[in-house]
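Position 106 (the sequence shown) corresponds to 106 in the working numbering; numbering is contiguous.
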Amino acid sequence: MRIETDFLVIGSGLAGMMYALKVAPYGKVAVVTKTSIEETNTRYAQGGIASVTYSPDTYEKHVQDTLIAGDGLCNEQVVRSIIKEGPAIIQDLIDLGTNFDKTPEGEYDLAREGGHSEHRIYHFQDRTGFEIQRALTEQVLKNPNITVYEHHFAVEVITQHHLGYSVINEGTDTECYGAYVLNPNTNKVDTFLAKITYIATGGIGNIYHTTTNPVIATGDGIAMVYRAKGLIDNMEFVQFHPTALYNQNERPSFLITEAMRGFGAILRNRKGEAFMARYDERRELAPRDIVARAIDTELKVSGYEFVQLDCTHLDKDGLLSHFPNIYQKCLLLGIDITKDYIPVVPAAHFLCGGIKVNAKGRTSIKYLYAGGESVSTGLHGANRLASNSLLEAAVYGLRAAVASSEKVANVSLNTSVPDWSDDGTTHPEELILITQEFKELQQIMSNYVGIVRSDIRMNRALARLGIIYQETKALYDRSTVSPALCELRNAINVSYMIIKMAKRRKESRGLHYTLDYPQKLKILR
Ligand code: FAD
Ligand code: SIN
1 MRIETDFLVI
11 GSGLAGMMYA
21 LKVAPYGKVA
31 VVTKTSIEET
41 NTRYAQGGIA
51 SVTYSPDTYE
61 KHVQDTLIAG
71 DGLCNEQVVR
81 SIIKEGPAII
91 QDLIDLGTNF
101 DKTPEGEYDL
111 AREGGHSEHR
121 IYHFQDRTGF
131 EIQRALTEQV
141 LKNPNITVYE
151 HHFAVEVITQ
161 HHLGYSVINE
171 GTDTECYGAY
181 VLNPNTNKVD
191 TFLAKITYIA
201 TGGIGNIYHT
211 TTNPVIATGD
221 GIAMVYRAKG
231 LIDNMEFVQF
241 HPTALYNQNE
251 RPSFLITEAM
261 RGFGAILRNR
271 KGEAFMARYD
281 ERRELAPRDI
291 VARAIDTELK
301 VSGYEFVQLD
311 CTHLDKDGLL
321 SHFPNIYQKC
331 LLLGIDITKD
341 YIPVVPAAHF
351 LCGGIKVNAK
361 GRTSIKYLYA
371 GGESVSTGLH
381 GANRLASNSL
391 LEAAVYGLRA
401 AVASSEKVAN
411 VSLNTSVPDW
421 SDDGTTHPEE
431 LILITQEFKE
441 LQQIMSNYVG
451 IVRSDIRMNR
461 ALARLGIIYQ
471 ETKALYDRST
481 VSPALCELRN
491 AINVSYMIIK
501 MAKRRKESRG
511 LHYTLDYPQK
521 LKILR
């Protein structure tokens, strides 16, 4: 089947929906999403979205906090421009129906998280993402110009390579004409032709064994752009959230928001010692890379499987009103957070790098824009400041929409694109191989390319990944495509990029910490 549209959006999280809503007045929009419209990383965001509002906070303070967290690799111009657009984008989200908590006096109840020098996080209880996803989903579903294709899996973006043309300058002269998308109703790959395509496929958490990300996060968009020879950067900077709930059989790991530490919760080791002062003078509110590494060290030194988050000294009413979701979740597991310590461990959480985009959200491929966690804008540098990603996804979603709607009238559909040809056969019995390979991949990435790395570990990872790559390629070549097989292939591609870029970085910086280039003793900032 062929579907023709002005704008094709791949992904229904904050980035995809913001873009879809803002381009909708300028043409027909198709949104494809690989499961249901709500199942996104966005939906699980807890802490909130950072933006400067009240004095004594200033743009400059937010800029400096972001630059410090980014450890020298942020693009300062990008940082300044995104932060300045914060208040307008928050208003936009409110106008689209998002609720944020207010104080009894009617002011926004701004929270504080690690690395932030002020209270500046807009939140809705401890489930801000759920609220944003709800509001934007409602808007998208009632927009007559937007058609949503749920359970449709984007397999590849379409470029000249599919027309059999060679491209002189790969990356800069490549053009995008839409995407090949697996239709769940027919099990066939449909051709979605679009004048402009927008990738908003989110993060990569599931290439690790322990992650806060839902299973959709397999780096699909990044892998598609990589195969289309678009530019990708900063993949070595994978953020581990310091405090995921330790509950051995639960995947994804349930997040214990950083806002709890902003509210006064203390990290304790199994002996009950508050250990963060040994690592950083900002203690529990140091940037995430420092807190996650401190926990990792405590675990390695003690041999225990988790550390603990202590809320028992905090105001009970405040705790319950700010964190009702976490309270309920822990209670179900027999942990009363007003009396008991919460067992926590670090978990893969966020990718700082991704598809390289310019200030308008355009990739290195013509007619292809991208946003959200799939992209590298320059905001996060070597380590993202908490609650800056929802801000980035919304601001860049809007910017890409403005740029795309200015351009769309001058772009034509390329109708000479061939349909997907699939000579493979279905091998349902191979699903076990795919599942097994995926588990192996997660073990490799967790064991060798996690919070603490080294050349020996990364070489080992690369060698083992090579075997999985060869086996999966053979399977892909003889099989019809399926979401599971495509996800495995994408996960291998992004893992490869992470290891390659990590090996190239001959230093420890931000989230990339390697034993071969140990960091100078960090001067307490
Ligand atoms: P997502 O919201 O992940 O959406 C991706 C979409 O792409 C999904 O619809 C998915 O189905 C679709 N997709 C993927 N691959 C394909 C494919 N092949 N074909 C079709 N569709 C596809 N950030 C903050 O700023 N503040 C927070 O408080 C915060 N808390 C977080 C808590 C948790 C537990 C997690 C996991 C993340 C949190 N983050 C937070 C990070 C933030 O939520 C994400 O970075 C952000 O929501 C990403 O939005 P997105 O639109 O880029 O992608
Ligand atoms: C959290 O609530 O701790 C997550 C915030 C983020 O990832 O930005």
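Idealized CB from N, CA, C, for every residue including glycine.
C-alpha distance - residue i paired with residue j, whole-angstrom precision
i, j, result
"residue 174", "residue 366", "6 Å"
"residue 243", "residue 255", "7 Å"
"residue 78", "residue 229", "24 Å"
"residue 508", "residue 123", "33 Å"
"residue 348", "residue 138", "30 Å"
"residue 485", "residue 317", "48 Å"
"residue 167", "residue 161", "8 Å"
"residue 45", "residue 127", "6 Å"
"residue 395", "residue 81", "10 Å"
"residue 505", "residue 31", "37 Å"
"residue 517", "residue 38", "42 Å"
"residue 193", "residue 265", "51 Å"
"residue 521", "residue 442", "Residue confidence is low: residue 521 scores 41 on pLDDT, short of 50, so the model does not pin down where it sits. No coordinate-derived value is stated."
"residue 164", "residue 391", "40 Å"
"residue 543", "residue 496", "Given that the chain is displayed from residue 1 to residue 525, the structure contains no residue 543 and the question cannot be resolved."
"residue 115", "residue 381", "14 Å"
Local Cβ density within 10 Å of residue i, reported as buried at 16 or more and exposed below that
i, result
"residue 195", "buried"
"residue 500", "exposed"
"residue 456", "exposed"
"residue 172", "exposed"
"residue 232", "buried"
"residue 526", "For the chain, the structure presents residues 1 to 525; residue 526 sits outside this window and is missing."
"residue 478", "exposed"
"residue 415", "exposed"
"residue 149", "buried"
"residue 219", "buried"
"residue 527", "In the structure displayed, the chain extends from 1 to 525; residue 527 sits before or after that span and is not available."
"residue 404", "buried"
"residue 417", "buried"
"residue 313", "exposed"
"residue 553", "No answer is possible for residue 553: it lies beyond the span of the chain, which begins at 1 and ends at 525."
Residues of its chain near residue i, where Cβ-Cβ distance is below 8 Å and the 5 sequence neighbours each way are ignored
i, result
"residue 41", "13, 129, 202, 203, 205, 213, 214, 216, 217 and 373"
"residue 273", "none"
"residue 513", "289, 293, 451, 452, 453 and 519"
"residue 408", "6, 7, 23, 26, 27, 195 and 196"
"residue 523", "Summary for residue 523: the model assigns pLDDT 40, below 50, so the residue's position carries little reliability; its value from the coordinates is reported in the next sentence. Result list for residue 523: empty, nothing under 8 Å."
"residue 121", "47, 48, 49, 50, 110, 111, 112, 113, 259, 262, 386 and 387"
Local conformation of residue i per DSSP, three classes
i, result
"residue 365", "coil"
"residue 86", "helix"
"residue 330", "helix"
"residue 477", "helix"
"residue 280", "coil"
"residue 524", "Interpretation of residue 524 is limited by its pLDDT of 41, a score under 50 that renders its predicted location unreliable; the figure taken from the coordinates is listed afterwards. Three-state DSSP puts residue 524 in coil, outside helix and strand."
"residue 289", "helix"
"residue 352", "coil"
"residue 407", "helix"
"residue 5", "strand"
"residue 512", "strand"
"residue 188", "strand"
"residue 193", "strand"
"residue 246", "coil"
"residue 158", "strand"
"residue 507", "coil"
"residue 484", "helix"
"residue 147", "strand"
"residue 526", "Because residue 526 is not part of the residues shown, which for the chain are 1 to 525, the question remains open."
"residue 178", "strand"
"residue 461", "helix"
Chain-order list of residues whose beta-carbon lies under 7 Å from that of residue i (same chain, five-residue window excluded)
i, result
"residue 251", "none"
"residue 75", "378"
"residue 67", "74, 76 and 79"
"residue 239", "288, 349, 350, 352, 383, 384 and 511"
Proximal residues to residue i (C-beta, below 6 Å), its chain only, five neighbours per side dropped
i, result
"residue 401", "19, 22 and 23"
"residue 268", "274, 308 and 310"
"residue 1", "190"
"residue 211", "205, 252, 347 and 348"
Chain C within 8 Å of residue i, Cβ atoms only
i, result
"residue 455", "Included in the structure is just one protein chain, with no chain C present."
Alpha helix (DSSP H) segments (min. 4 residues) lying fully within the region 301-350: Taking 4 residues as the minimum length, the alpha helix (DSSP H) runs contained wholly in the region 301-350 are 316-322 and 324-332, in order along the chain.
Give the list of continuous alpha helix (DSSP H) stretches no shorter than 4 residues that lie fully inside the region 44-96. Annotation: the region 44-96 contains the following complete segments of the alpha helix (DSSP H) (minimum length 4 residues), in chain order: 59-69, 76-84 and 86-95.
Just list the alpha helix (DSSP H) runs in the region 205-242, keeping only unbroken ones of 4 residues or longer that don't cross its boundaries, in chain order. Runs of the alpha helix (DSSP H) inside the region 205-242: 220-227.
Which whole runs of the beta strand (DSSP E) in the region 99-144 are 3 residues long or more, in chain order? Within the region 99-144, no complete beta strand (DSSP E) segment of 3 residues or longer occurs.
Just list the alpha helix (DSSP H) runs in the region 16-47, keeping only unbroken ones of 4 residues or longer that don't cross its boundaries, in chain order. Under the rule that a run must span 4 or more residues, the alpha helix (DSSP H) segments found entirely inside the region 16-47 read 41-44.
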